[in-house]
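Chemist:
Numbering (the numbering used here), first residue to last: 28 to 359.
1. Spatial neighbours of residue 139 within its chain, please: C-beta separation below 6 Å, excluding the five flanking residues on both sides.
2. Take the Cβ of residue 317 as the centre, count every other Cβ of all protein chains shown within 10 Å, and call the residue buried at 16 or more, exposed below.
3. Taking the Cβ atom as the reference point for each residue, do residue 133 and residue 268 lie within a distance shorter than 8 Å?
4. Below 8 Å, how does it come out for the region 295-315 and the region 118-125: are there three or more Cβ pairs, yes or no?
5. For residue 189, I'd like the list of residues in its chain whose CB is within less than 6 Å of its CB, leaving aside the five on either flank, ordered along the chain.
6. What would DSSP say about residue 230, mapped onto helix, strand or coil?
7. Which of the three DSSP states, helix, strand or coil, is assigned to residue 216?
8. Leaving aside the five residues before and after residue 321 along the sequence, list all residues of the same chain whose C-beta is less than 7 Å from its C-beta, in chain order.
9. Just to confirm, are residue 164 and residue 261 a CB contact at a threshold of 8 Å?
10. At the level of alpha carbons, what is the spacing between residue 169 and residue 279?
11. Alpha carbon to alpha carbon, how far is residue 195 from residue 288?
12. Pull up the DSSP beta-bridge partners for residue 139, would you.
13. Between residue 162 and residue 230, is the Cβ-Cβ spacing less than 8 Å?
14. How about residue 84 and residue 117: do their beta carbons lie closer than 8 Å?
15. Pull up the distance between the alpha-carbon of residue 313 and that of residue 219, whole angstroms please.
16. Can you tell me whether residue 325 is helix, strand or coil according to DSSP?
17. How would you call residue 42, buried or exposed, if buried means at least 16 neighbouring beta carbons within 10 angstroms?
18. Determine the direct distance from the alpha carbon of residue 103 to that of residue 272, and round the result to whole angstroms.
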């Protein structure tokens, strides 16, 4: 089989090899993919549609509300809140890349997606996840400076540096995504069935019957740079923060708890979502109920955009006070 994939000239059975090459050529030109994770829910599909629609509307309202609140109030034009604004914008982008598609697919009887739209969805999901991970790492650095070096915070975290960190997070994510798609799109595919409710890059690579060594190497490099290094940096930042808290005053501990708890909860929630996605992609979960598998596969794209606005909106006292002032002024 490997000889057939290489070239027909290297095979001892030229006719068989030509047949294999013809089949591979036909499969590499697939125009659509079949999403087999969907199942017939009958009349309940309208209920699921309404639930997802309400969830999507809630995500839009909560994220837009906090983005506007941060943008229009100069008292919130601080590094921590500007990083939050970037986080909320990314969550709007990520959820918009998934929810309209899910809503459309739920009402359909045949669940297919065109190849071009499939790769567009892969780009959106990959871009969202990378920006989210890097932004969370940048926010941990900001908390590290604020708590460990409070007297030098304003000189170390300038507005120029904030803009540079946000821009680098988005730009680097864009570059990794731009490299990923040209590596996956030309792959010769031996099938068009995806065992999920949306497209992801690993599912496409698993369908490939051509050499995927470059894809695998790039995937490992990306995992190290985008996940392992930021995670190590987040852990290091919180180790230093904890050290300062244990040796510092009660006021320092209170500041650390009030500002770090939402961020730490967001990191843990996103890490769990990514873990669910990795397990879903790499291991056979046929014994797990289909509904649970679907929920776990879309967790980081659905729960994170809703979890973060609620967590930060309810736990950040300055955001709550600003919101109350705005509402009070509006009612006068």
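Think of the CB as a built atom: it goes at the ideal place given N, C-alpha and C, for glycine as much as any other residue.
Modeler: Considering the structure as presented:
1. Residue mapping note: residue 139 aligns to position 112 of the chain shown, counting from 1. Listed in chain order, the non-local C-beta contacts of residue 139 below 6 Å within the same chain comprise 59, 61, local neighbours out to five positions each way being set aside.
2. Translated into positions along the chain shown, residue 317 becomes position 290. Classification of residue 317: exposed, given that the 10 Å Cβ count is below 16.
3. As a working mapping, residue 133 is identified with position 106 in the chain shown. As a working mapping, residue 268 is identified with position 241 in the chain shown. Note that the C-beta distance between residue 133 and residue 268 is not below 8 Å.
4. Proximity of the region 295-315 to the region 118-125 falls short of the contact definition, fewer than three beta-carbon pairs being nearer than 8 Å.
5. Numbered from 1 along the chain shown, position 162 holds the residue referred to as residue 189. Cβ neighbours of residue 189 beyond the five flanking positions: 106, 109.
6. Here residue 230 refers to the residue found at position 203 when the chain shown is read from its first residue. Correct three-state label for residue 230: helix.
7. Walking along the chain shown from the start, residue 216 turns up at place 189. The answer is strand: DSSP assigns residue 216 an E or B state.
8. Taking the first residue of the chain shown as 1, we reach residue 321 at position 294. Its chain contains 64, 224 as the residues whose beta carbon lies nearer than 7 Å to that of residue 321, once the 5 sequence neighbours on both sides are disregarded; these appear in chain order.
9. Walking along the chain shown from the start, residue 164 turns up at place 137. Walking along the chain shown from the start, residue 261 turns up at place 234. Yes, the Cβ-Cβ distance between residue 164 and residue 261 is below 8 Å.
10. Here residue 169 is taken as the residue at index 142 of the chain shown, counted from 1. Here residue 279 is taken as the residue at index 252 of the chain shown, counted from 1. In a straight line, the C-alpha of residue 169 is about 15 Å away from that of residue 279.
11. Working through the chain shown from its first residue, we reach residue 195 at position 168. Working through the chain shown from its first residue, we reach residue 288 at position 261. One alpha carbon belongs to residue 195, the other to residue 288, and they sit about 25 Å apart.
12. Here residue 139 is taken as the residue at index 112 of the chain shown, counted from 1. According to DSSP, residue pairing for residue 139 in a beta bridge involves 61.
13. The residue you call residue 162 lines up with position 135 of the chain shown. The residue you call residue 230 lines up with position 203 of the chain shown. Contact flag unset, no.
14. Numbered from 1 along the chain shown, position 57 holds the residue referred to as residue 84. Numbered from 1 along the chain shown, position 90 holds the residue referred to as residue 117. Taking a C-beta distance under 8 Å as the contact criterion, residue 84 and residue 117 do not qualify as a contact pair.
15. The sequence position of residue 313 within the chain shown is 286, counting from 1. The sequence position of residue 219 within the chain shown is 192, counting from 1. Rounded to whole angstroms, residue 313 to residue 219 spans 19 Å at the Cα level.
16. If you number the chain shown from 1, residue 325 lands on position 298. In the three-state scheme derived from DSSP, where H, G and I count as helix and E and B as strand, residue 325 is classed as coil.
17. Working through the chain shown from its first residue, we reach residue 42 at position 15. Only weak support exists for where residue 42 lies, its pLDDT of 43 falling under 50; the value from the coordinates is given anyway. Answer is exposed; the Cβ neighbour count stays below 16.
18. Position 245 of the chain shown holds residue 272. Position 76 of the chain shown holds residue 103. If I take the Cα positions, the gap works out to 25 Å.
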